[in-house]
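Have a look at the structure below, then the notes.
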Amino acid sequence: NGRAAIVCSHDRERNRYIVKFTRLSSIGTGCNREISIQPCNMHIPEGTTVRLEGLTRHSQWNGKWGKVVRLDDDGRYEVRISRLYSVRVKMENVRL
Numbered sequence: 001n002g003r004a005a006i007v008c009s010h011d012r013e014r015n016r017y018i019v020k021f022t023r024l025s026s027i028g029t030g031c032n033r034e035i036s037i038q039p040c041n042m043h044i045p046e047g048t049t050v051r052l053e054g055l056t057r058h059s060q061w062n063g064k065w066g067k068v069v070r071l072d073d074d075g076r077y078e079v080r081i082s083r084l085y086s087v088r089v090k091m092e093n094v095r096l
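Mind the numbering: the sequence shown is residues 1 to 96 in this note's numbering, read in order.
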């Protein structure tokens, strides 16, 4: 739905993120709400630090941290590992 949220935690067993939405009501007071969402329903902003996991072709990058450079049209994130290396990965291989 395009709304921004804060990631509170990750439920590894259910593979869902617990996120908190903060929205203003029509009278201007805040309303906090936490929900559980699937990773495929998230969009990670550019510049976000993430950890790679579950990679099979490039397993040497599992456990490494990098920054999201962009989201490609095919739904893969380009994650920069270092000045020399970046990888394109599916959302299921990224952890916040």
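Idealized CB from N, CA, C, for every residue including glycine.
Does residue i come out as helix, strand or coil in the three-state DSSP assignment?
| i | result |
| --- | --- |
| N62 | coil |
| E53 | coil |
| E92 | helix |
| N15 | coil |
| S25 | Any reading at S25 must be qualified, since the residue scores a pLDDT of 48, below 50, and its modelled position is unreliable; no value is offered. |
What does the alpha-carbon distance come out to for the pair residue i and residue j?
| i | j | result |
| --- | --- | --- |
| W61 | L52 | 7 Å |
| I35 | C8 | 10 Å |
| G47 | R33 | 25 Å |
| N15 | I81 | 24 Å |
| E92 | Y77 | 10 Å |
| H10 | I18 | 6 Å |
If you measure between the beta carbons of residue i and residue j, is that distance less than 8 Å?
| i | j | result |
| --- | --- | --- |
| S86 | V79 | yes |
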